[in-house]
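The numbering of the sequence shown is my numbering, which starts it at 7 and goes up by one.
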Amino acid sequence: MRKLILLGFLGLVLLFSGCDNQTTNGCSDSGLKLVDYNVYPLEKIYQGDIVAFAFWLENKGSSTAGNVKVDFFDTPGFDVTRLECQENPSGGKECNLGEILSEEGCLGEMRQVKTELRARGSGDNTVSFAVIYNYHGNSLLSFGIWEKNSKNQYGNKRIGSTYGPVKVEINPGFLMSRIVDDRKQTTTEWVEEGQRFTVNINVRESGNFGQSSSKTSISNFKVKLNYLEPIADGKCDFILSGEYLVPKESIEVPTKKPLKCDLKANDNIGQEWITGGIEVDYDYEYSFVKQQTFKINTE
7 MRKLILLGFL GLVLLFSGCD NQTTNGCSDS GLKLVDYNVY PLEKIYQGDI VAFAFWLENK
67 GSSTAGNVKV DFFDTPGFDV TRLECQENPS GGKECNLGEI LSEEGCLGEM RQVKTELRAR
127 GSGDNTVSFA VIYNYHGNSL LSFGIWEKNS KNQYGNKRIG STYGPVKVEI NPGFLMSRIV
187 DDRKQTTTEW VEEGQRFTVN INVRESGNFG QSSSKTSISN FKVKLNYLEP IADGKCDFIL
247 SGEYLVPKES IEVPTKKPLK CDLKANDNIG QEWITGGIEV DYDYEYSFVK QQTFKINTE
């Protein structure tokens with residue numbers, strides 16, 4: 007399968023080349039981040055008192071957060087009396103914020119959430135709320151493909167990833183390499199036309215960012231190949247669907263073992279070298295839980 011990866015692929019190579027764990031212009035893998043989290047009062051709470059939560063959700067990743075919800079799903083010892091989202095008032099325990107946009111430099115939109123709870127229980131009680139939203143991710147690995155038996159083969163791999171709480175890692179271990187500077191320990195990496203190899207792909211969460219727990223559900227997981235194709239008699243955890251490879255089974259996050267596929271660089275590339283690559287595009291629902299414990303006094 008010969009598939010040219012167009013502007014999106016090239017743009018990501020230019021924008022996100024290098025390591026994916028760096029922070030640039032305020033970007034972060036937190037996705038939606040709790041900002042200015044305030045709870046009051048925290049102490050000397052009595053039955054009948056009102057406890058207030060106020061915080062902002064800021065989009066620090068590189069995708070629009072869609073279908074954003076805040077759900078005070080577990081409030082033992084308290085009744086939710088008021089829940090308000092900025093410009094989107096809501097009743098009950100769940101608040102819908104719609105979309106929170108990402109902007110250039112990851113200086114994304116911010117939305118405020120306020121709630122009031124009235125204490126009715128006694129002793130220690132833990133209030134739990136979840137932040138739930140949809141997000142998009144993209145990861146790529148690009149490299150040079152050289153004519154077989156060419157002299158002075160060389161290349162620099164490019165690794166790129168969007169910012170968000172879920173990462174896809176494409177292991178570049180299959181690339182041929184040569185040390186070009188012993189003192190600096192620098193290498194050059196590439197593949198040859200017709201070369202057969204196995205690619206390993208892992209999916210992981212980028213970090214818990216202080217929440218009590220998190221949950222991820224992956225969808226629309228698609229792999230594009232550029233000047234590569236699956237080996238007909240090889241092993242692969244993906245199947246061909248139109249222009250893409252899609253997983254045969256649902257994906258757990260984190261993956262317990264890598265998703266594997268035997269691939270081959272195209273034969274007879276028709277020139278000295280070309281740029282090949284692997285790009286993974288995916289959507290996911292992500293949620294995290296924040297908890298706050300109070301002691302309610304009876305007198």
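Every residue gets a Cβ at the ideal spot worked out from N, C-alpha and C, and that includes glycine. Since we're looking at a predicted model, the values are computed, not measured.
Under the three-state reduction of DSSP output, Glu305 falls in the coil class, being neither helix nor strand.
Here Glu110 carries a helix assignment [DSSP, helix/strand/coil]. Residues Val172, Val259, Tyr290, Tyr292 of the same chain have their beta carbon placed closer than 6 Å to that of Thr222, with the five preceding and five following residues left out of the count.
Close CB contacts of Asn177 within its chain, under the 8 Å cut and outside five residues either way in sequence, are with Val205, Asn206, Ile207, Asn208, Pro264 (chain order). Contact between Asp55 and Ala125 is confirmed by a C-beta separation of about 5 Å, below the 8 Å threshold.
Residue environment: Lys241 is assigned as exposed (fewer than 16 neighbouring CB atoms within 10 Å of its CB, all protein chains considered).
Across the set Lys266, Lys230, Thr261, Ala238, the C-alpha of Lys230 shows the shortest separation from the C-alpha of Tyr250.
For Val45, the enclosing beta strand (DSSP E) has its first and last residue at 38-46. Counted as a single uninterrupted DSSP element, the beta strand (DSSP E) harbouring Lys173 occupies residues 172-176. Per the Cβ contact rule, the region 82-91 is not in contact with the region 146-153 (fewer than 3 Cβ pairs under 8 Å). Here the alpha carbons of Ser167 and Gln159 stand approximately 27 Å from one another. The residue from Thr81, Ile245, Phe203 with its alpha-carbon nearest to that of Leu269 is Phe203.
With respect to the C-alpha of Leu48, the residue from Cys33, Thr132, Tyr288 having the closest C-alpha is Thr132.
For Asn232, the closest alpha carbon among the candidates Ile224, Leu246, Glu175, Ala271 is that of Ala271. Under DSSP, the beta-bridge partners assigned to Leu146 are Gly166, Glu285. Sorting Gly32, Gly37, Cys33 by C-alpha distance to the C-alpha of Phe294 places Gly37 at the top.
For Phe59, the number of other beta carbons within 10 angstroms of its own is at least 16, and it is reported as buried.
Of the candidates Leu107, Lys301, Gly98, Leu107 places its Cα closest to the Cα of Gly67. Per DSSP, the unbroken beta strand (DSSP E) holding Gly72 starts and ends at 71-80. With 16 or more other Cβ atoms from the protein chains shown falling within 10 Å of its own Cβ, Thr121 counts as buried.
If you check the CB distance, Phe61 and Tyr46 do not come in under 8 Å. Here DSSP, grouped into helix, strand and coil, assigns Ala238 to coil. In the DSSP assignment, Leu63 falls within the unbroken beta strand (DSSP E) covering 56-65.
Beyond the five residues adjoining it in sequence on each side, Ser212 comes within less than 6 Å, by CB distance, of Asp35, Pro171, Lys173 in the same chain, given in chain order. If you compare the alpha carbons of Leu234, Ile302, Asn140, Leu123 with that of Phe79, the shortest gap goes to Leu123. Asp273 and Glu199 have their C-alpha atoms roughly 5 Å apart. When beta bridges are read from the DSSP output, Ser134 appears opposite Asp80, Gln297.
The beta carbon of Val252 sits closer than 7 Å to the beta carbons of Phe227, Lys228, Phe244, Ile245 from its chain, once the five residues preceding and following it are set aside; these are given in chain order. Membership of Gln118 in the beta strand (DSSP E) is indicated by the continuous run 116-125. Under the three-state reduction of DSSP, Cys91 is assigned to strand. For Phe203, the enclosing beta strand (DSSP E) has its first and last residue at 202-211.
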